[in-house]
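Read left to right, the sequence shown gives residues 110 to 409 (our numbering).
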Amino acid sequence: MKLNRRTFFKLAGTAGAVALAPAKATATTDAAVLDAGRRGVLVDTTKCIGCRACEAACAEANTLSGQVALDDAAAFAKPRKTDTASFTVVNKAAVASPARFVKQQCMHCVEPACASACLARALDKTPAGPVVYHKDRCLGCRYCMVACPFDVPKYEYEKALPYVRKCTFCADRQEKGEAPACTSVCPSGALTFGSRNALLDTARERLYAKDSTYVRHIYGENEVGGTSWMYITDIPLEKLGLPTEVGSYAYSSLTQASLAAVPFVLTLWPPLLMGIYSFSKRRNDVGAHGADPREEADHV
């Protein structure tokens, strides 16, 4: 079968349209369906005593050096951020009284922006909830760092062979039926691990109980489309040090249209250029032999 010029461009155009078509409805499945069976953690800041046992357990489970050696005075002197050697940190809330502490780590979003921005799928959302990192796939583009609304992924700039590092939600422990290391050592009940849907019910019970002093908002229920780590507190949310202006829509929805063009650019553009080159070369060859190029054009 001969591929003439008109057929070639028709096929290229059709393939391009398919590649650039909007994602099907399965990409925006109802949130209740997405949450079914997923695990999460409820953080109750009214119960956290700032012992930082979660930091130590995380460092041990992931073989991290981090900032665990800091004494409490130094650890709470100013807000700390997670880094390549500290996957979780406990900060003191910006209130004089009562003393409140807040644990921070990767939020493991229901629809993670970091994973949607990753061209190589080095970051991947598992059905159970964790957003895991495959270092063998990583291109080092660091788009995940730009996409994350919580500024969580960190890059090992100091290493000759750097990778992206962040909390894994102890995905390996969860696969064995174990709770994340940090939640398993919390002595005060500030961290509750379980079904995300069940944890939301627990949070609502506490928020709307008689004489409740909680702020009636579950941070992470709807933020950025929902997260696996959720917080309840009795102080203004902005005092916790968590971003409060991230919106309730999934950030992944902002990248779907642009990333849909990647298959076209990577797989269709090279053969399109080769076809144009072959057509041009054919015209030149025919012209050099004195034939009418219009008679030969449809046989490219």
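Note that beta-carbon positions come from the ideal geometry of N, C-alpha and C, so glycine has one too. Only a predicted model underlies this, so the values are computations on that prediction, with no experimental measurement involved.
Compare the Cα-Cα distances from residue i to each of the options and report the closest residue.
| i | options | result |
| --- | --- | --- |
| I341 | R315, K319, Y242 | R315 |
| G159 | E284, G146, R147, V177 | V177 |
| T235 | P380, P271, D281, L228 | D281 |
| V150 | M339, S357, L173 | M339 |
| S357 | S337, A224, Q213, N331 | N331 |
| D180 | N171, Y266, Y317, V199 | V199 |
| L466 | A162, V219, R189 | The requested residue 466 is not part of the displayed model; the chain covers only 110 to 409. |
| V333 | T191, S225, A186 | S225 |
| S321 | G335, I344, T301 | I344 |
| L173 | M216, A208, F196 | F196 |
| C279 | S387, N393, T155, S337 | S337 |
| E220 | G329, V324, D310 | G329 |
| C215 | A203, R209, M383, G238 | G238 |
| V152 | V211, E164, A203 | V211 |
| G286 | G303, R274, A165, R391 | G303 |
| N458 | A194, S387, H217 | For the chain, the structure presents residues 110 to 409; residue 458 sits outside this window and is missing. |
| E164 | Q213, P207, A202 | Q213 |
| L248 | V273, K187, V255 | V273 |
| R305 | A182, A203, E347, C218 | C218 |
| E169 | M254, N393, V294 | V294 |
| F259 | P207, L309, G335 | G335 |
| G146 | A205, Q283, A229, K244 | Q283 |
Can you tell me the Cβ-Cβ gap for residue i and residue j, rounded? I've got them flagged as a contact below 8 Å.
| i | j | result |
| --- | --- | --- |
| C291 | C167 | 5 Å |
| R246 | A231 | 4 Å |
| A307 | I327 | The pair is not a contact, with the Cβ atoms about 13 Å apart (cut-off 8 Å). |
| A184 | R161 | 7 Å |
| V240 | C227 | That belief does not hold up - the Cβ atoms of V240 and C227 are roughly 10 Å apart, past 8 Å. |
| A318 | K156 | Their Cβ separation, rounded to whole angstroms, is 14 Å, which puts A318 and K156 out of contact at 8 Å. |
| S261 | T353 | Checking the sequence shown, residue 261 turns out to be Val, not Ser. Rounded, the Cβ-Cβ distance is 16 Å, inconsistent with contact. |
| Y242 | K275 | 7 Å |
| T277 | R209 | Not a contact, Cβ separation roughly 27 Å. |
| L351 | V324 | Actually they are not in contact, since the Cβ atoms of L351 and V324 sit about 12 Å apart, beyond 8 Å. |
The beta strand (DSSP E) spanning residue i covers which residue range?
| i | result |
| --- | --- |
| M339 | 338-341 |
| D233 | 232-234 |
| L151 | 148-153 |
| L300 | 300-304 |
| Y242 | 240-242 |
Counting only beta-carbon atoms, is residue i nearer than 7 Å to chain B?
| i | result |
| --- | --- |
| R391 | Of the protein chains in this structure there is only one, and it is not chain B. |
Please determine whether the Cβ atom of residue i lies at a distance below 6 Å from any heavy atom of the ligand SAH.
| i | result |
| --- | --- |
| G175 | Among the components of this structure there are no ligands whatsoever, and the ligand SAH is therefore not found. |
Validate contact between the stretch 283-299 and the stretch 264-275 using beta carbons, cut 8 Å, 3 pairs:
no
Item to complete: Scan the stretch 245-305 and note each continuous alpha helix (DSSP H) run of 4 residues or more that stays entirely inside, going in chain order.
Response: 252-256, 280-284, 290-293
Alpha helix (DSSP H) runs contained entirely in the stretch 169-225, provided each spans 4 or more residues:
181-184
Could you give the uninterrupted runs of the alpha helix (DSSP H) lying entirely in the stretch 301-334, keeping only those of 4 residues or more?
-> 305-316
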